[in-house]
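Keeping their order, the protein sequence lines are chains U and E. Heads up: take any position in the first sequence, counting from 1, add 48, and you land on my numbering. Heads up: take any position in the second sequence, counting from 1, add 90, and you land on my numbering. The beta-carbon is built from N, C-alpha and C at its ideal position, and this holds for glycine as well. Being a predicted model, the structure only gives us computed values, none of them experimental. Shown next, in structure tokens, is the structure this report addresses.
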Amino acid sequence: MPELPELNPVIHGKLRLAVLSLLMGVDEAEFTWLREKTGSTDGNLGAQLMKLEEAGYVAMKKQFVLRKPQTLYRMTEKGRTALGEYVDALKQLLGAAI
Amino acid sequence: MSAEKVELTERLELIESMIAEGRRSTTRWAWTIVLWGVAFYVALAWSSGMLGGPIWGQRYMAWPVTMITTWLLSWGLAARMRKGANAPMTTVGRAIISIWAAMGISMFALLLPLGLSGRADQQVILAVVMTLLGTANAASGMLLKWPAQIGCAVVWWLASWASLFGTATQSLIAFLVAIFICQILFGIYAMILESRGRRRQGAVNA
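This is how it looks when you write it as structure tokens:
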């Protein structure tokens, strides 16, 4: 029997998974947009984004637009690959559970 | 169903719903379709001498001036609308903008030397313009999986054939009808869909 894959713990967290999935379809996104879409709090979202940044799955950029600070996040190539592998593992596990 | 399977299924559904949410465009763009339709009508009326006055008398300027002005207007208004919103540029959005920008540049690159070289034939020009508009509509429609826009592409291509096989008057009528269907009617339909989508989203977020 083939060995079942393990799920990447960095991605498996619900909020981190939601953020990565959101970033999958956009070039880059503002912190406020991610907060609005996930319905999370500033503190929780900030902490989860930091974990993703430490893992190298997202990259952060700060800028000023019309003198207002903006924090932008984008998915890195490493993050894209990791999410792809996570989805493959998830499908494999679901297939085995049927 | 085991608890583990339920959790895994939930994760998969979360990924799908979040990707869809991220791709959902909150940008309003349907007005540009109507704007370009009106611009085509203005350019046609100007170039055919239907508009009077000292400026309107310069008929050879009708298409370049109208098209450049409309492009600047679309670009300026779109940039202004995006400035206030925090919605990100989606991958699909960038793809659609690229298609229309490439089509616009191709049209300009082809029609300007065609006009300046004096090799322009009105029916051929209209056929080229309509074929290019059909191509851009088809590409956008396929990308968005939107049958109505693919239908517009078919209308443009049919009008293009009519332009080549009909008389000069029939060619012009085909162009006017295609503008009305694919720019004015389709643009208004797209604006209604956008407005409904925004209302639905507002109700969900409330």
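Straight-line CA distance for residue i to residue j?
{"i": "E:S207", "j": "U:F79", "result": "53 Å"}
{"i": "E:S196", "j": "E:L102", "result": "42 Å"}
{"i": "U:R122", "j": "E:T122", "result": "29 Å"}
{"i": "E:I278", "j": "U:K99", "result": "46 Å"}
{"i": "E:E284", "j": "U:K109", "result": "31 Å"}
{"i": "U:G91", "j": "E:M281", "result": "38 Å"}
{"i": "U:R128", "j": "U:L120", "result": "17 Å"}
{"i": "E:A168", "j": "E:W161", "result": "11 Å"}
{"i": "E:A264", "j": "E:V245", "result": "10 Å"}
{"i": "U:L97", "j": "U:A77", "result": "12 Å"}
{"i": "E:L163", "j": "E:W126", "result": "10 Å"}
{"i": "E:A217", "j": "E:A252", "result": "8 Å"}
{"i": "E:A177", "j": "E:I109", "result": "14 Å"}
{"i": "E:A129", "j": "E:S261", "result": "18 Å"}
{"i": "E:W165", "j": "E:M171", "result": "10 Å"}
{"i": "E:A229", "j": "E:L254", "result": "23 Å"}
{"i": "E:L141", "j": "E:I269", "result": "19 Å"}
Buried or exposed: which applies to residue i, given that a residue is buried once 16 or more other Cβ atoms fall within 10 Å of its Cβ?
{"i": "E:T257", "result": "exposed"}
{"i": "E:I158", "result": "exposed"}
{"i": "E:V294", "result": "Low local confidence applies: a pLDDT of 40 at E:V294 is under 50, so the model's placement there is unreliable, and no value is given."}
{"i": "E:L98", "result": "buried"}
{"i": "U:G132", "result": "exposed"}
{"i": "E:Q273", "result": "buried"}
{"i": "E:A93", "result": "exposed"}
{"i": "U:E81", "result": "Here residue 81 of chain U is Trp; the residue named in the question, Glu, does not match the sequence. Per the 10 Å Cβ criterion, buried."}
{"i": "E:M220", "result": "buried"}
{"i": "E:A296", "result": "Any answer about E:A296 is weak, because its pLDDT of 38 lies below 50 and its placement is not dependable; what the coordinates show is given next. E:A296 comes out exposed."}
{"i": "U:R64", "result": "buried"}
{"i": "U:Q140", "result": "exposed"}
{"i": "E:F276", "result": "buried"}
{"i": "E:L233", "result": "exposed"}
{"i": "E:G224", "result": "buried"}
{"i": "E:Q148", "result": "exposed"}
In terms of residue numbering, what span does the beta strand (DSSP E) encompassing residue i cover?
{"i": "U:R115", "result": "It is not in any beta strand (DSSP E) - U:R115 carries neither H nor E in the DSSP assignment."}
Run through chain U and tell me which residues come within less than 7 Å of residue i, C-beta to C-beta.
{"i": "E:M179", "result": "V74 and D75"}
{"i": "E:E111", "result": "L70 and K85"}
{"i": "E:R101", "result": "L65 and L138"}
{"i": "E:R184", "result": "D75"}
Along the chain, where does the alpha helix (DSSP H) that runs through residue i open and close?
{"i": "E:W247", "result": "P237 to F255"}
{"i": "E:W119", "result": "E:W119 -> no alpha helix (DSSP H), and no H or E assigned at all."}
{"i": "E:M193", "result": "T181 to S207"}
{"i": "U:D90", "result": "D90 to E102"}
{"i": "U:T86", "result": "F79 to T86"}
{"i": "E:V219", "result": "Q212 to L234"}
{"i": "E:F265", "result": "A258 to I269"}
{"i": "U:I59", "result": "P57 to H60"}
At 9 Å on the CB atoms, spell out the chain U contacts of residue i, in chain order.
{"i": "E:M157", "result": "Under the 9 Å cutoff, chain U gives no residues; its nearest Cβ is about 28 Å from E:M157."}
On the premise that residue j lies in contact with residue i, defined as a C-beta separation below 8 Å, what is that separation, rounded to the nearest angstrom?
{"i": "U:A66", "j": "U:T86", "result": "5 Å"}
{"i": "U:G73", "j": "E:T180", "result": "6 Å"}
{"i": "U:L68", "j": "U:I59", "result": "6 Å"}
{"i": "U:T124", "j": "U:V106", "result": "6 Å"}
{"i": "E:A210", "j": "E:L204", "result": "5 Å"}
{"i": "E:A243", "j": "E:G231", "result": "6 Å"}
Please compile the residues from chain E whose C-beta is within a distance smaller than 8 Å of the C-beta of residue i.
{"i": "U:V10", "result": "Because chain U here runs from 49 to 146, residue 10 of chain U falls outside it and cannot be looked at."}
{"i": "U:A66", "result": "L104 and M108"}
Anything in chain E within Cβ reach of residue i, meaning under 9 Å, just list it in chain order.
{"i": "U:L141", "result": "E94, K95 and L98"}
Please list the partners that residue i has in chain E, where partner means a Cβ-to-Cβ separation under 7 Å.
{"i": "U:K62", "result": "L104"}
{"i": "U:V174", "result": "Since the displayed chain U opens at 49 and closes at 146, residue 174 of chain U lies outside it and no answer follows."}
Determine whether the Cβ of residue i lies closer than 8 Å to any Cβ atom of chain A.
{"i": "E:E97", "result": "In the structure shown, chain A cannot be found, because the protein chains are U and E."}
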